[in-house]
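The UniProt record's numbering applies: residue 1 is where the sequence shown begins, and numbers increase by one.
Virtual Cβ for every residue (Gly too), placed ideally from N, Cα, C.
For reference, the structure is listed below as structure tokens.
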Amino acid sequence: MNNLSHFLKPRSVAVIGASNRPLRAGHVVMKNLLSGNFDGTVMPVTPRYTSVCGVLAYKSIDSLPIIPDIAVLCTHASRNISLFHQLAEKKVAYVVVLSSDMYTNDPEEHQIQQQCLAIAKAANMRIVGPNSLGMILPWISFNASFSPVAALKGNIAFISQSAAVCTTILDWANEKQIGFSAFISLGNASDIDFHDLLDHLSTDRHTDAILLYVDTIRNARLFISAARAASRNRRILVLKGGRTLEGRKAAKAHTGGIDTLDIIYDSAIRRSGMLRVQNTHELFAAVETLTHPLPLRGERLAIITNGGGPAIMAIDTLLERGGKLAQLDDDIMDKLNQSLPPSWSHANPIDLVGDAGHQRYVSALNAVLDSDIADAILIMHCPSAVAESEQTAQAVIDALKQHPRSRQFNILTNWSGELTAKAARQRFYQAGIPTYRTPESAVIAFMHIVEYKRNQKQLMETPTTADFLPPEKIHQAQKWIQEQLHLTNQQDTLLDTHQIGGLLSCFEFDVLPTWMAQDSSEAVHIAETIGYPVAVKLRSPDIAHKSDVQGVMLNLRNRHEVESASQAILDRVSLSYPAALIHGLVVQAMAKLAGGEELRIKVKHDDTFGPVILLGQGGSEWQEATDAEAALPPLNMTLARYLIVRAIKNNKIRLQKLPVPIDIAGLSQFLVRLSQLIETCPEVHELDIHPLLVNGHQFTILDADLHLKPYHGNAQQRLAIRPYPSELEEQVVMRNQESILIRPILPEDEPDHADFISKVSKEDLYKRFFTEVGEFNHEALANMTQIDYDREMAFVAVRSSPQHEIIGVSRALITPDNSNAEFAILIRSDLKGLGLGRILMRKIIDYCTNKGTQQISGMTMPSNQGMLTLAQRLGFQVEVHFEDGTAEMQLSLSPEPE
Numbered sequence: 001m002n003n004l005s006h007f008l009k010p011r012s013v014a015v016i017g018a019s020n021r022p023l024r025a026g027h028v029v030m031k032n033l034l035s036g037n038f039d040g041t042v043m044p045v046t047p048r049y050t051s052v053c054g055v056l057a058y059k060s061i062d063s064l065p066i067i068p069d070i071a072v073l074c075t076h077a078s079r080n081i082s083l084f085h086q087l088a089e090k091k092v093a094y095v096v097v098l099s100s101d102m103y104t105n106d107p108e109e110h111q112i113q114q115q116c117l118a119i120a121k122a123a124n125m126r127i128v129g130p131n132s133l134g135m136i137l138p139w140i141s142f143n144a145s146f147s148p149v150a151a152l153k154g155n156i157a158f159i160s161q162s163a164a165v166c167t168t169i170l171d172w173a174n175e176k177q178i179g180f181s182a183f184i185s186l187g188n189a190s191d192i193d194f195h196d197l198l199d200h201l202s203t204d205r206h207t208d209a210i211l212l213y214v215d216t217i218r219n220a221r222l223f224i225s226a227a228r229a230a231s232r233n234r235r236i237l238v239l240k241g242g243r244t245l246e247g248r249k250a251a252k253a254h255t256g257g258i259d260t261l262d263i264i265y266d267s268a269i270r271r272s273g274m275l276r277v278q279n280t281h282e283l284f285a286a287v288e289t290l291t292h293p294l295p296l297r298g299e300r301l302a303i304i305t306n307g308g309g310p311a312i313m314a315i316d317t318l319l320e321r322g323g324k325l326a327q328l329d330d331d332i333m334d335k336l337n338q339s340l341p342p343s344w345s346h347a348n349p350i351d352l353v354g355d356a357g358h359q360r361y362v363s364a365l366n367a368v369l370d371s372d373i374a375d376a377i378l379i380m381h382c383p384s385a386v387a388e389s390e391q392t393a394q395a396v397i398d399a400l401k402q403h404p405r406s407r408q409f410n411i412l413t414n415w416s417g418e419l420t421a422k423a424a425r426q427r428f429y430q431a432g433i434p435t436y437r438t439p440e441s442a443v444i445a446f447m448h449i450v451e452y453k454r455n456q457k458q459l460m461e462t463p464t465t466a467d468f469l470p471p472e473k474i475h476q477a478q479k480w481i482q483e484q485l486h487l488t489n490q491q492d493t494l495l496d497t498h499q500i501g502g503l504l505s506c507f508e509f510d511v512l513p514t515w516m517a518q519d520s521s522e523a524v525h526i527a528e529t530i531g532y533p534v535a536v537k538l539r540s541p542d543i544a545h546k547s548d549v550q551g552v553m554l555n556l557r558n559r560h561e562v563e564s565a566s567q568a569i570l571d572r573v574s575l576s577y578p579a580a581l582i583h584g585l586v587v588q589a590m591a592k593l594a595g596g597e598e599l600r601i602k603v604k605h606d607d608t609f610g611p612v613i614l615l616g617q618g619g620s621e622w623q624e625a626t627d628a629e630a631a632l633p634p635l636n637m638t639l640a641r642y643l644i645v646r647a648i649k650n651n652k653i654r655l656q657k658l659p660v661p662i663d664i665a666g667l668s669q670f671l672v673r674l675s676q677l678i679e680t681c682p683e684v685h686e687l688d689i690h691p692l693l694v695n696g697h698q699f700t701i702l703d704a705d706l707h708l709k710p711y712h713g714n715a716q717q718r719l720a721i722r723p724y725p726s727e728l729e730e731q732v733v734m735r736n737q738e739s740i741l742i743r744p745i746l747p748e749d750e751p752d753h754a755d756f757i758s759k760v761s762k763e764d765l766y767k768r769f770f771t772e773v774g775e776f777n778h779e780a781l782a783n784m785t786q787i788d789y790d791r792e793m794a795f796v797a798v799r800s801s802p803q804h805e806i807i808g809v810s811r812a813l814i815t816p817d818n819s820n821a822e823f824a825i826l827i828r829s830d831l832k833g834l835g836l837g838r839i840l841m842r843k844i845i846d847y848c849t850n851k852g853t854q855q856i857s858g859m860t861m862p863s864n865q866g867m868l869t870l871a872q873r874l875g876f877q878v879e880v881h882f883e884d885g886t887a888e889m890q891l892s893l894s895p896e897p898e
């Protein structure tokens, strides 16, 4: 895989299928390239014309005088296989395919895309598209697109799978004078995809924020891994189409994706530290906000307005989205009473009344800026015959410029109206103050900042975790699964509650004891044995909802009720579903339902994201797409708690008034155990717990269905987020004969890691970080401990005696294409000379070798002789630059060519 540096900074471009005929793609692309004043080389390729748009044309690809950095294919799909062969022979690195007919439901045309991909892969050539609008890089005046509208220079990168969304955004942005650092249409994203571009744009100096329009994701792990890394450096907002079933079908037809529940995408976006916007209206508001990149000062919003109705709409939007309305204190009330008429609202929103002139706005604004009641201020203005719109806007701008504390607040404005407000909004934009057409869009924009900050906080929060299950329990569970699959000759296996107790007990789940009965008389016998009251339930794989045939009878208190209920169930089934396969009846002792809450928890396999956990209230009408919240394993206690809180907040769990409330920590523990089951038992294709009875601190599984499927290969690869790699744990012995554990770092290591750093000398820290370092804050420590195991690794050396403590760390930050791993090592200063550095360095080398990384590199100071000597002994090439005060170390891991 080659990187995208030349793709995002091209110096030459060939337009294949260039044309002089207006409205042809080859003509529009040529016009855009030339009118944008791109100072690189533009080479039209066509056998039809001597020149295109006044530029000398070339008859064929092989006649091009140089190898173009990018080739843009403006040709019909039927020509593309031949053209790809020619591009491969020319050694072109990047191809942008505009053809919209390479991927269709026609197998023959779909084959064109597959053949082109195979040619490109063999030639190490990267593809954007097909069905791409092209790309625009405003900072180098490069517009190789089919867009009727150009892009201005700015600090937002926009990546979209929809060409129509691209042109809509561009048209709107130009009217608002909003610019972009990059504007890239992925089309079907058959090769270059979101993750490739996120890795590069997240370090681009012109890019402060990234906006994505997503139809579908093809490789969930690569996407989430890149997004998590990028979101630590840049703000990323996502507009995801296909929230409904019909929308998902349309998305599949559009870009050929997989049908995935929208709640799963929602979970993945949040888990990656990004923010989702729900529609184009929100998208426009988001772009407006991103154009003025201000850090969030806090969540309390004060509103100043001359219209009560619009302010009410603003409040409704704020509170519906979980925002906070600032409260006025006595001091600001006194100040406002002195400068405002008696009829002002005397509350937040601060309604200045409809005849408010610009001076009234300035007085109210200064009063809020002088106070500490708010973190953000929304200034609203409705068309008024008394207060001239543009004059009031300028007065507000001047007041903000003059007030010494204005930078301590997030400032937003809403000047409603069109003709009367347009000039005022333009003034705000020129002054660098976010401005919006409607009260709702202004508040939504503010809540984008709030929600984004909340997501980032979750990303950085120090988690806690449930204790890991003993290895013997995991082994016991895996053995049980293999025995079940053996009984069915390694075929798909469906099991219900009374059959899966052995597996669930391995993970310490409490299951209500269950017995099977073939008929009503056997049901009576079981009930007499276990004691009343009991529940009797139908057992049939052909009837998904027992309630459809009244297949669940509860609180049966004697043998007559059991016999009557059992026979009635069987009779109803024979009448309603005569062809259904009946396995008999389930008899259970009645659980204590009073004072409890029934939840539904389902593990399902998604073709994009792999195993997913769904949580909701349950019930016979339960629809997982609308009645559940989703989470991706692996879960720790913190992530599980967020899932529960989100389900309650979004009314997916409707809490009852119970004598003992739901134990959130206990339910979190249950979900973490379920996550561990998913991670360690890849054969679990689906597990449906319906319901889980929650009685305070007790969690009892009343009913559950399990679907097992044979699994071959790396079990971790099926997960969208790589879990903790316990297989890399290793016990080693230091020179002093002390045994220590070398293991991957955990997010929960943050406090121990801070304690470890405090025991490293300032001199050693300087050698490691090339600067004076003080105490590391939470964010810095979170970045060190909450790593993505898919693209970086940190090993900690842990000793348990005299107390559990970290005594050394080695790290490898690996490039996305796995070409290089940048390493670093830090040892506790009082424990040098025990061979720990060599142990940790050897661990990193072995890890990168097994991962297939091409080389390991590092940098230290020439004075760090211990590190340099160790590196040389391990085979590193060392180059010292005394003039720069640096020493570079490099070790090739690629096998020598024969």
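Apart from the five residues just before and just after residue i, which ones in its own chain have a Cβ nearer than 6 Å to its Cβ?
| i | result |
| --- | --- |
| Cys506 | Lys473, Gln476 and Ala477 |
| His881 | none |
| Gly298 | Asp375 |
| Glu898 | Any reading at Glu898 must be qualified, since the residue scores a pLDDT of 43, below 50, and its modelled position is unreliable; no value is offered. |
Within its chain, find whatever has a CB closer than 7 Å to the CB of residue i; leave out the 5 residues flanking it on each side and keep chain order.
| i | result |
| --- | --- |
| Val562 | Ala523, Val524, Ala527, Val534, Val536 and Leu556 |
| Ala754 | Phe776 and Leu781 |
| Thr289 | Pro434, Ala445, His448 and Ile449 |
| Met841 | Ser810, Ile825, Leu870 and Leu874 |
| Gly354 | Asn306, Gly307 and Ser384 |
I'd like to know whether the C-beta atoms of residue i and residue j end up nearer to each other than 8 Å.
| i | j | result |
| --- | --- | --- |
| Ile569 | Met553 | yes |
| Val72 | Val15 | yes |
| Ser225 | Gly129 | no |
| Leu186 | Asp193 | yes |
| Gln588 | Pro691 | no |
| Ile787 | Ala797 | no |
| Val684 | Val603 | yes |
| Phe7 | Ile70 | yes |
| Val95 | Met125 | yes |
Measure the beta-carbon distance from residue i to residue j and round it to whole angstroms, keeping in mind my assumption that it falls under 8 Å.
| i | j | result |
| --- | --- | --- |
| Leu412 | Ala442 | 5 Å |
| Arg828 | Val760 | 6 Å |
| residue 982 | Arg718 | Absent from the model: residue 982. The displayed extent of the chain is 1 to 898, so no value can be given. |
| Ile350 | Ala399 | Actually they do not touch by this definition, with Cβ atoms about 15 Å apart. |
Is it buried or exposed, residue i, if we count other Cβ atoms within 10 angstroms and call 16 or more buried?
| i | result |
| --- | --- |
| Gln113 | buried |
| Lys546 | buried |
| Pro661 | exposed |
| Ala385 | exposed |
| Phe509 | buried |
| Ser181 | buried |
| His804 | exposed |
In this structure, does DSSP put residue i in helix, strand or coil?
| i | result |
| --- | --- |
| Thr853 | coil |
| Glu888 | strand |
| Pro897 | With a pLDDT of only 45 at Pro897, under 50, the local geometry of the prediction cannot be trusted, and no value is derived from it. |
| Asp351 | strand |
| Leu635 | coil |
| Met1 | Low local confidence applies: a pLDDT of 40 at Met1 is under 50, so the model's placement there is unreliable, with the coordinate-based value given in what follows. Three-state result, Met1: coil. |
| Phe183 | strand |
| Met313 | helix |
| Tyr213 | strand |
| His27 | helix |
| His605 | strand |
| Met841 | helix |
Keeping to the same chain, check which residues put their C-beta closer than 8 Å to that of residue i; ignore five residues upstream and five downstream.
| i | result |
| --- | --- |
| His27 | Ala18, Ser19, Asn20, Arg21, Val52 and Cys53 |
| Gln854 | Asn818, Ser819, Asn820, Ser892, Leu893 and Ser894 |
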